[in-house]
Structures are given as C-alpha cells and as structure tokens.
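Visitor: My questions all concern the structure below.
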Amino acid sequence: MRQPIFILGDCLTNPYKRWLRQFAGRLSCFALVMAAVLCLGWAETWEGIRAAAKGVDSISADFVQEKHLPILAAPLVSTGRLLYRRPDSLRWEYTSPVKNILLMHDGTARRFAQSDQGLVEDASVHMQAMQFVMPEISGWLGGRFEGNPLFDASLDGANKIQLVPKDAGMARFIQRIELLMSDRPGVIEEVVIFESDEAFTRMVFINTQVNPAIDDRLFQEAQ
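Heads up: the sequence shown at position 186 corresponds to 199 in this note's numbering, and the numbers run straight through without jumps.
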C-alpha cells in the first residue's frame, strides 16, 4: 500500500510554523545584506574594478549630455544612447538635437553626421575633447585603466576615478576626466570632462542594462 505524501506545512504545529516563517524572513534579510556588502566597495581598488568588468559582456544605456561653457547662460543639452560589447565594439549615438553616430568595431572607427542627404560618413578629424574621449569609453567599460598610454589614472574616493592626460598637447583640450561609478558593479554612472577651469561636459547614464543581446549590425551600420 502506498504511503500518503504529506506537505511539510500540514505536519507542523502552529509554533513551528511561526518559527519557520521567522527563519525564512531572517534568511531573506541576510541574503539582501550580503548582496549589498558584495556590491559595496567594488570600485575601491583596481583589482575590484577589473573583477567587476569581467562580468560585463555588453552594456546598453541612454545618456544625457550637458555642455557647460562660460559664455552660455544655460548648458547645451544632448541626448542619446550607448551600446557596448566586449572587447571593443561601441556605438555612441546622439539622437537629439542633431543625430550623430560614432561606430567602433574590429579596430575600425567611423563617424556619421546628419545632413540634408541623411546620415553621411564624416572622415574629417575634429580636434575636440570628445574625439579623444569616445574611443576610450570601451576601455573604461572593460575595466582597463592602468597602463593607458593617454591618461594617468587614480582612484579618488570609493566610487570615483580621475584621469589626467599624459600628453601636453591633449592637456590643451582636456584638463582631467572624472568617472563616477555606480553602486552596480561594472557600471559607470557619470562622466565629467573638464576642458578648462570654466568649461566642462557632463554625461549621465540612465536606463542601464547589463549583458543585453545586441545585434552586430548596430556596431557596423548607421541605421
């Protein structure tokens, strides 16, 4: 004769049920606390930053960029999106006020600008701060800061990295760059590029997704 199957809750008296619920609640709280502890301080050391970056294969995020200049009463605001995939595929796309796209894939960088004919590839070289910074972004997202040929990197507090140009020529366009790291391991929350004492560009990343699937064409075609 087959023995009946009992559900654990049916066999326990009320005191044991209460104890079990309390234990489960404490266990859940403990798990949440441990998860928070593991996330805290990930950006305090280069080792922690590299370890967190290993868990990031791709990134998708929207961004808001503010360009602050002393001659402007209010900053110039642009919006767009960032797509990244390890090791060096990057799509940096401005969606407003003017569409503008930088693509990096397989060691090749291409820039497209909006024109009367639509998006047209721009092969000219503009000696501006962003032209230096954009190719660096894939390295930052990959946790590569030490040994950078362009910047000296230092940890400035628990969640901030400071980059200073090594080359005097670049220092004419960029005084320093500050990266504010998110509480979420492997994620950059904000980038501020100081071009002078009075001019700077701030980029804030929102709606960040870690390890989304990204189509190859988005790194190859300005669509």
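Note that beta-carbon positions come from the ideal geometry of N, C-alpha and C, so glycine has one too.
Are the Cβ atoms of glutamate 208 and phenylalanine 218 separated by less than 8 angstroms?
Guide: It is not a contact, given that the beta carbons lie outside the stated cut-off.
Visitor: What does the alpha-carbon distance come out to for the pair alanine 49 and glycine 182?
Guide: Low confidence applies to alanine 49: its pLDDT is 36, below 50, so where it sits in the model is not reliable, and the reading given next is rough at best. Computed Cα separation, rounded: 43 angstroms.
Visitor: Hey, would you say the C-beta of tryptophan 55 is under 7 angstroms away from at least one heavy atom of the ligand SAM?
Guide: Within the structure as shown, the ligand SAM is missing, as the structure has no ligands at all.
Visitor: Buried or exposed: where does isoleucine 84 fall if 16 or more other Cβ atoms within 10 Å of its Cβ makes it buried?
Guide: Its Cβ having fewer than 16 others within 10 Å, isoleucine 84 is exposed.
Visitor: If you drop the 5 nearest sequence neighbours on each side, which residues of the same chain put their C-beta closer than 6 angstroms to that of tyrosine 107?
Guide: The residues are Ser91, Gly93 and Asn113.
Visitor: Of the residues Thr58, Ala66, Leu116 and Glu60, which one's Cα is nearest the Cα of proline 198?
Guide: Comparing Cα positions, the closest option is Ala66.
Visitor: Do you know how far the Cα of alanine 212 is from the Cα of serine 167?
Guide: Cα to Cα, serine 167 sits roughly 22 angstroms from alanine 212.
Visitor: Residues in its own chain within less than 6 angstroms of arginine 98 by CB, not counting five upstream and five downstream?
Guide: These residues qualify, in order along the chain: Ser71 and Ile227.
Visitor: Look up glutamate 149 in the DSSP assignment and say whether it is helix, strand or coil.
Guide: Here glutamate 149 sits in helix by DSSP.
Visitor: Is it buried or exposed, leucine 103, if we count other Cβ atoms within 10 angstroms and call 16 or more buried?
Guide: So leucine 103 counts as buried.
Visitor: Per DSSP, what are the beta-bridge partners of asparagine 161 in this structure?
Guide: DSSP output for asparagine 161 lists no bridge partner at all.
Visitor: Given this structure, state the Cα-to-Cα distance separating leucine 95 from aspartate 180, to the nearest angstrom.
Guide: For leucine 95 and aspartate 180, the distance between alpha carbons rounds to 27 angstroms.
Visitor: Hey, could you find the ends of the alpha helix (DSSP H) alanine 64 is sitting in?
Guide: Run containing alanine 64: 59-66, per the alpha helix (DSSP H) assignment.
Visitor: Buried or exposed: which applies to valine 69, given that a residue is buried once 16 or more other Cβ atoms fall within 10 Å of its Cβ?
Guide: Buried.
Visitor: Give me the Cβ distance between leucine 132 and arginine 123, rounded to the nearest whole Å; I'm assuming they're in contact under 8 angstroms.
Guide: That pair is no contact at about 11 angstroms.
Visitor: Would you kindly report the start and end of the unbroken alpha helix (DSSP H) that includes glycine 182?
Guide: 181-184 is the extent of the alpha helix (DSSP H) around glycine 182.
Visitor: Return helix, strand or coil for aspartate 229, following the three-state DSSP convention.
Guide: Three-state DSSP puts aspartate 229 in a helix.
Visitor: If I measure Cβ to Cβ from aspartate 210 and keep anything under 8 angstroms in the same chain, skipping five residues before and after, which residues do I get?
Guide: Excluding positions up to five away in sequence, the list reads Gln188.
Visitor: Which value, in whole angstroms, describes the spacing of the CA atoms of threonine 221 and serine 73?
Guide: Looking at the two C-alpha atoms, the distance is approximately 6 angstroms.
Visitor: Would you grab the beta carbon distance between phenylalanine 164 and proline 178 for me? Rounded to a whole angstrom, and I think it's under 8 angstroms.
Guide: About 6 angstroms; that satisfies the 8 angstroms criterion.
Visitor: On the DSSP bridge list, what partners appear for aspartate 75?
Guide: Arg94 and Ile219.
Visitor: Going by alpha carbons, who is nearest to isoleucine 174 out of Glu234, Val77 and Ile206?
Guide: If we check each option's Cα against that of isoleucine 174, Ile206 comes out closest.
Visitor: Quick one: using the 10 Å Cβ neighbour count with 16 as the cut-off for buried, is cysteine 52 buried or exposed?
Guide: At cysteine 52, the pLDDT of 40 sits below 50, so the modelled position is not reliable and the matter cannot be decided from this model.
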